[in-house]
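Q: Following the UniProt record's numbering, the numbering of the sequence shown begins with 1 at its first residue and continues without gaps.
C-beta: ideal position from N, C-alpha, C; glycine also.
Structure in C-alpha cells, see below.
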Amino acid sequence: CLLSKVSAIAGTEGDATPFTDVTVEDVSRSLQSLGYQPRGWEMMHNGHTGRPLEAQIFLGPTYYQRLKHMVDDKIHSRAGGPLTLLTRQPVEGRSRGGGGRFGEMERDCMIAHGAAQFLKER
1 CLLSKVSAIA GTEGDATPFT DVTVEDVSRS LQSLGYQPRG WEMMHNGHTG RPLEAQIFLG
61 PTYYQRLKHM VDDKIHSRAG GPLTLLTRQP VEGRSRGGGG RFGEMERDCM IAHGAAQFLK
121 ER
C-alpha cells in the first residue's frame, strides 16, 4: 500500500511483486522525497472541533478486485432427495439434487461432541 501511495502521487507504475528488488526503505525514501512522511502517516483533524487527532494514521490507495464467483451461484442446500442404493447416502452434485457426504471422521466428531442424536436424523 506504501508503493501505491508513491505511484499515485508521482503518477508512475510500481511493481512490488515477490522476488523483486523493491524494499520498504526504498519506497519510504521515495515518499519522503515527494514531501510526505516516510511511512505514509497523515495528520487528521477532528471534523467537529478542528483539532488534530493524536494518532498516526496511514492513508493510501487500495486496489480491490471483484471476484468472478458469486455466492448466489454457489449456494446449495438439501432437505431430501435421491439416495445411492448401495450406501443410502445422498447422490453427489448440486445439479442432481445431491448433498454432502458425511464420512467416518465426521461421524466420530459428532459422537465425541455428544451429538449422537444428530446421526439418526434423515
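Quick one: what's got a C-beta closer than 7 Å to M43's C-beta in the same chain, skipping five residues either side?
A: Only P52 meet the Cβ criterion.
Q: Can you name the start and end residues of the alpha helix (DSSP H) that K5 belongs to?
A: Residues 2-10.
Q: Look up H45 in the DSSP assignment and give the residues it is bridged to.
A: Paired residues: P52.
Q: If you scan the stretch 62-114 from start to end, which runs of the beta strand (DSSP E) of 3 or more residues do you find wholly inside it?
A: Runs of the beta strand (DSSP E) inside the stretch 62-114: none found.
Q: Report the partner residues of F58 according to the DSSP bridge assignment.
A: BP columns for F58 point to W41.
Q: Please report the Cβ distance between L31 and L2, rounded to the nearest whole angstrom; I am assuming they are in contact, meaning their Cβ atoms lie under 8 Å.
A: The pair is a contact, with the Cβ atoms about 7 Å apart (cut-off 8 Å).
Q: For residue 181 versus P90, is the C-beta distance shorter than 8 Å?
A: Since the first residue of the chain shown is 1 and the last is 122, residue 181 is not available in this structure.
Q: With C-beta atoms as the reference, is R94 less than 8 Å away from H76?
A: Contact: yes.
Q: Compare the beta carbon distance of A112 and P61 with 8 Å and say whether it is the shorter of the two.
A: No, Cβ-Cβ distance for A112 and P61 is not below 8 Å.
Q: Since I believe V6 is in contact with V27 (beta carbons under 8 Å), could you give me their beta-carbon distance rounded to a whole number of angstroms?
A: So it is a contact: roughly 6 Å between Cβ atoms.
Q: Can you tell which of G40, E92, R107 has the C-alpha that lies nearest to the C-alpha of G81?
A: Among G40, E92, R107, the Cα nearest to that of G81 is on E92.
Q: In terms of residue numbering, what span does the alpha helix (DSSP H) encompassing V22 cover?
A: Looking at the DSSP string, V22 is not in any alpha helix (DSSP H), and its letter there is neither H nor E.
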